[in-house]
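Colleague: Numbering of the sequence shown is given in my numbering, commencing with residue 420 and proceeding in unit increments.
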Amino acid sequence: MSGKLKIGVFGGYRGQTMIDVLLDHPDAELVAVCDKYTPLLSQVREKAEAHGLDVALYESFDEFIKHDMDAVVLANYATEHAIYAVKCLYAGKHVLSEVLPCETTAQAVELIEAVEKTGLVYSYAENYCYMLHTFEMWQRYKKGDIGKVTYGEGEYIHDCAGIWPQITYGERDHWRNNLYCTYYCTHSVGPLIAMTGLRPVSVVGFECPPHEDMKRLGAYFGAGVEMVVLENGAVMKSVHGHLKREPGSVNYELYGSKGMMETGRQAVNKPLYVYRESDKVCVGAWEDYEPVPKIAAEYAKNFQGHGGSDFYPTHFFIQKILGRPEGLEWSIDVYTAVSMGLCGIFAYRSVLDGNTPQKIPDLRDPAVREAYRHDNKCTNKKIAEGDDLLPKTSYGEVDLPDEVYEHVRQLWIEGKPGE
Ligand SMILES: NC(=O)c1ccc[n+]([C@@H]2O[C@H](COP(=O)([O-])OP(=O)(O)OC[C@H]3O[C@@H](n4cnc5c(N)ncnc54)[C@H](O)[C@@H]3O)[C@@H](O)[C@H]2O)c1
Numbered sequence: 420m421s422g423k424l425k426i427g428v429f430g431g432y433r434g435q436t437m438i439d440v441l442l443d444h445p446d447a448e449l450v451a452v453c454d455k456y457t458p459l460l461s462q463v464r465e466k467a468e469a470h471g472l473d474v475a476l477y478e479s480f481d482e483f484i485k486h487d488m489d490a491v492v493l494a495n496y497a498t499e500h501a502i503y504a505v506k507c508l509y510a511g512k513h514v515l516s517e518v519l520p521c522e523t524t525a526q527a528v529e530l531i532e533a534v535e536k537t538g539l540v541y542s543y544a545e546n547y548c549y550m551l552h553t554f555e556m557w558q559r560y561k562k563g564d565i566g567k568v569t570y571g572e573g574e575y576i577h578d579c580a581g582i583w584p585q586i587t588y589g590e591r592d593h594w595r596n597n598l599y600c601t602y603y604c605t606h607s608v609g610p611l612i613a614m615t616g617l618r619p620v621s622v623v624g625f626e627c628p629p630h631e632d633m634k635r636l637g638a639y640f641g642a643g644v645e646m647v648v649l650e651n652g653a654v655m656k657s658v659h660g661h662l663k664r665e666p667g668s669v670n671y672e673l674y675g676s677k678g679m680m681e682t683g684r685q686a687v688n689k690p691l692y693v694y695r696e697s698d699k700v701c702v703g704a705w706e707d708y709e710p711v712p713k714i715a716a717e718y719a720k721n722f723q724g725h726g727g728s729d730f731y732p733t734h735f736f737i738q739k740i741l742g743r744p745e746g747l748e749w750s751i752d753v754y755t756a757v758s759m760g761l762c763g764i765f766a767y768r769s770v771l772d773g774n775t776p777q778k779i780p781d782l783r784d785p786a787v788r789e790a791y792r793h794d795n796k797c798t799n800k801k802i803a804e805g806d807d808l809l810p811k812t813s814y815g816e817v818d819l820p821d822e823v824y825e826h827v828r829q830l831w832i833e834g835k836p837g838e
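1) Quick one: Cα of residue 829 to Cα of residue 560, how far?
2) Report the three-state DSSP secondary structure of residue 745 (helix, strand or coil).
3) Could you check whether the region 421-435 touches the region 483-495, counting it as contact only if at least three pairs of C-beta atoms, one from each stretch, sit closer than 8 Å?
4) Identify whether residue 426 lies in helix, strand or coil by the three-state DSSP scheme.
5) Determine whether the beta carbon atoms of residue 823 and residue 636 lie at a separation below 9 Å.
6) Is residue 558 helix, strand or coil when you go by DSSP?
7) In three-state DSSP terms, what is residue 420?
8) Is residue 459 near ligand 1, in the sense that its beta carbon is under 8 Å from a heavy atom of that ligand?
9) Output the distance between the C-alpha atoms of residue 697 and residue 563, rounded to the nearest integer angstrom.
10) What first and last residue would you give for the alpha helix (DSSP H) that runs through residue 808?
11) Name the DSSP bridge partner or partners of residue 682?
12) According to DSSP, which residues form a beta bridge with residue 495?
13) Can you list, in chain order, the residues of its chain with a C-beta nearer than 7 Å to that of residue 621? Leave out the 5 residues immediately preceding and following it.
14) Check whether the region 718-729 touches the region 745-764, counting contact only when three or more Cβ pairs, one atom from each stretch, lie closer than 8 Å.
15) Based on the DSSP secondary-structure assignment, which residues constitute the bridge partners of residue 777?
16) Alpha helix (DSSP H) containing residue 733: first to last residue?
17) For residue 632, name the three-state secondary structure that DSSP assigns.
18) In angstroms with no decimal places, state the Cα-to-Cα distance between residue 574 and residue 671.
19) With distances taken from CA atoms, which of 448, 623, 676 is nearest residue 768?
20) Is residue 508 closer than 9 Å to residue 571 when the C-beta atoms are compared?
21) Name the residue from 835, 827, 720, 819 whose alpha carbon lies nearest to the alpha carbon of residue 444.
22) Could you tell me the distance, in whole angstroms, from the CA atom of residue 420 to the CA atom of residue 452?
23) Please find out if some non-hydrogen atom of ligand 1 comes closer than 8 Å to the beta-carbon of residue 455.
24) Tell me which residues share the same chain as residue 732 and place their Cβ nearer than 6 Å to its Cβ, disregarding the 5 neighbours each side in the sequence.
25) How long is the line joining the alpha carbons of residue 537 and residue 782, rounded to whole angstroms?
26) Please confirm whether any heavy atom of ligand 1 lies closer than 8 Å to the CB of residue 586.
27) Counting only the same chain and skipping the five closest in sequence on each side, list residues whose C-beta sits under 7 Å from that of residue 457.
28) Quick one: any contact between the region 759-766 and the region 582-598, if contact means 3 or more CB pairs under 8 Å?
29) Indicate whether residue 498 and residue 612 have their beta-carbon atoms separated by less than 9 Å.
30) Where does residue 705 land, buried or exposed, given buried means 16+ other C-beta within 10 angstroms?
So, in structure tokens, the structure goes:
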């Protein structure tokens, strides 16, 4: 035994990213992977053998969780993270969770309390906080380079229509087919919350008109917009989803009392622009440059996926378990994770209530939790019933016929794009 942390990965599709980091990490060892889709397990076996490792492979979570390991990476369905995080924590495992942190506020309360009761590490793998440009913005904001935040924008535009068969497999109940507009909000709002370190206190949500062509692919909901107010009064605009442009767009702006930072919108631009006001008002200077990894740079530079962000969530998780300063400083904890996710949950309540402002509860406070402990409102009929079951779109829910999903499944089997 190497004395490294023993880590398992649950979900072998997106989980391949974390698997790749773990296969080459100096402080951790990949010991087990679980996925019910066995071709993914075969891929893991090949990779592990190429690294001279014997990784245990499981199709069942209940068997996987019994494996001798210190920590679990959750890369399973985006609506089931809190459910499995709680199971893992009570089984004595530290947890790194993919996005999103929870589907309901009841799950948010249960997750926070499981972390508090077990004292184990929970880290949120919101990798968009660690892209070369966003992580640089985070570090510079913390240094005080643009003063106190007043306004920000976060944008994650990704028209997934072309890859819909490859990411939903023609499954009617796949979480991507059951999403609502503001749920998947933490790629856009998450970096703004991480950079500023401020809690979101209220939100107004909007749903853009859904694209009719998505009906042929099995999903019908529009892009989501959240207007979020942070605890100091700063306003953040977050927009995400299927809007028409190629390639997609991942952009952020942050304004402060002494300047601003923004990412380059087009490939021809530099990745980061920073404006800093001088001692004279309205007189300042611009910098534009390509940020490079500064922390664990020798490892980080080997992972280019998602704007250079795919290394750090796993790395900081490991460092936090080991009690090292960089993990304690940069890993995203459960309170911040939940506050990011609640922006989307409450934005949708705003959408359904005529775009009214909604208060975002501070679930760090035990007294506040009681009102949300049994709040199961969501669009998932496995979780919510009666009035708690929300429509999947504010534009009139549609019941798509089985032929749609059979068609998408066939496209997936044939390796064809969405059409
Ligand atoms: N951060 C990013 O940039 C990024 C990119 C893609 C996906 N994701 C996230 O990764 C997660 C997984 O998404 P995905 O793209 O891999 O697609 P997915 O959700 O379809 O894949 C999940 C995988 O987990 C397996 N799985 C789920 N529940 C299981 C169970 N109970 N037992 C055994 N296996 C189970 C499935 O077989 C599947 O292979 C989601 O939360 C998604 O939001 C994040």
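Where a beta carbon is used, it is the ideal one built from N, C-alpha and C, also for glycine.
Modeller: Here's the rundown:
1) Position 410 of the sequence shown holds residue 829. Position 141 of the sequence shown holds residue 560. If you take the alpha carbons of residue 829 and residue 560, they lie about 48 Å apart.
2) To locate residue 745, count along the sequence shown from 1; it is residue 326. Correct three-state label for residue 745: helix.
3) yes
4) Stepping through the sequence shown from its first residue, residue 426 is reached at position 7. Three-state DSSP puts residue 426 in a strand.
5) Within the sequence shown, numbered from 1, the residue matching residue 823 stands at position 404. Within the sequence shown, numbered from 1, the residue matching residue 636 stands at position 217. Cβ distance < 9 Å, so residue 823 and residue 636 count as in contact.
6) Taking the first residue of the sequence shown as position 1, residue 558 is located at position 139. In this structure, residue 558 counts as helix in the three-state DSSP scheme.
7) Locating residue 420 in the sequence shown gives position 1, counting from the first residue. Only weak support exists for where residue 420 lies, its pLDDT of 43 falling under 50; the coordinates are left without a value.
8) Taking the first residue of the sequence shown as position 1, residue 459 is located at position 40. Checking every heavy atom of ligand 1 against the Cβ of residue 459, one is found closer than 8 Å.
9) Position 278 of the sequence shown, counting from 1, holds the residue named residue 697. Position 144 of the sequence shown, counting from 1, holds the residue named residue 563. For residue 697 and residue 563, the distance between alpha carbons rounds to 14 Å.
10) Residue 808 sits at position 389 when you count from the first residue of the sequence shown. Counting along the chain, residue 808 falls outside any alpha helix (DSSP H), and DSSP gives it neither H nor E.
11) Taking the first residue of the sequence shown as 1, we reach residue 682 at position 263. For residue 682, which the question treats as bridged, DSSP gives the partners 691.
12) Locating residue 495 in the sequence shown gives position 76, where the first residue counts as 1. Per DSSP, none; premise fails for residue 495.
13) Mapped onto the sequence shown, residue 621 falls at position 202. Excluding residues within five positions, the ones whose Cβ falls inside 7 Å are 648, 776, 777, 778, 779.
14) no
15) For the purposes of this step, residue 777 is identified with residue 358 of the sequence shown, where counting begins at 1. Paired residues: 622.
16) Stepping through the sequence shown from its first residue, residue 733 is reached at position 314. Start and end: 731-740.
17) Numbered from its first residue, the sequence shown carries residue 632 at position 213. Residue 632: helix per DSSP, three-state reduction.
18) As a working note, residue 574 is residue 155 in the sequence shown. As a working note, residue 671 is residue 252 in the sequence shown. Whole-angstrom Cα-Cα distance: 6 Å.
19) In the sequence shown, the residue the question calls residue 768 occupies position 349. Residue 623 is the option with its Cα nearest to residue 768.
20) Stepping through the sequence shown from its first residue, residue 571 is reached at position 152. Stepping through the sequence shown from its first residue, residue 508 is reached at position 89. Not closer than 9 Å, so no.
21) Here residue 444 refers to the residue found at position 25 of the sequence shown. Of the listed residues, the one whose Cα sits closest to residue 444 is 720.
22) Counting from one through the sequence shown, the residue named residue 420 turns up at place 1. Counting from one through the sequence shown, the residue named residue 452 turns up at place 33. Its pLDDT being 43, under 50, residue 420 is placed unreliably by the model, and the measurement read from it follows with that caveat. Roughly 19 Å between the two C-alpha positions.
23) In the sequence shown, counting from the first residue as 1, residue 455 sits at position 36. Checking the Cβ of residue 455 against ligand 1 gives yes.
24) Locating residue 732 in the sequence shown gives position 313, counting from the first residue. If we look at residue 732 and ignore the five residues flanking it on each side, its Cβ neighbours are 544, 546.
25) Residue mapping note: residue 537 aligns to position 118 of the sequence shown, counting from 1. Residue mapping note: residue 782 aligns to position 363 of the sequence shown, counting from 1. One C-alpha to the other measures close to 17 Å.
26) Locating residue 586 in the sequence shown gives position 167, counting from the first residue. Yes; taking the cut-off as 8 Å, the Cβ of residue 586 has a heavy atom of ligand 1 nearer than that.
27) In the sequence shown, the residue the question calls residue 457 occupies position 38. 478, listed in sequence order.
28) no
29) As a first step, residue 498 must be located in the sequence shown, where it is residue number 79. As a first step, residue 612 must be located in the sequence shown, where it is residue number 193. Not in contact: residue 498 and residue 612 (Cβ atoms no closer than 9 Å).
30) Residue 705 sits at position 286 when you count from the first residue of the sequence shown. The residue in question, residue 705, is exposed, as its Cβ has fewer than 16 Cβ neighbours within 10 Å.
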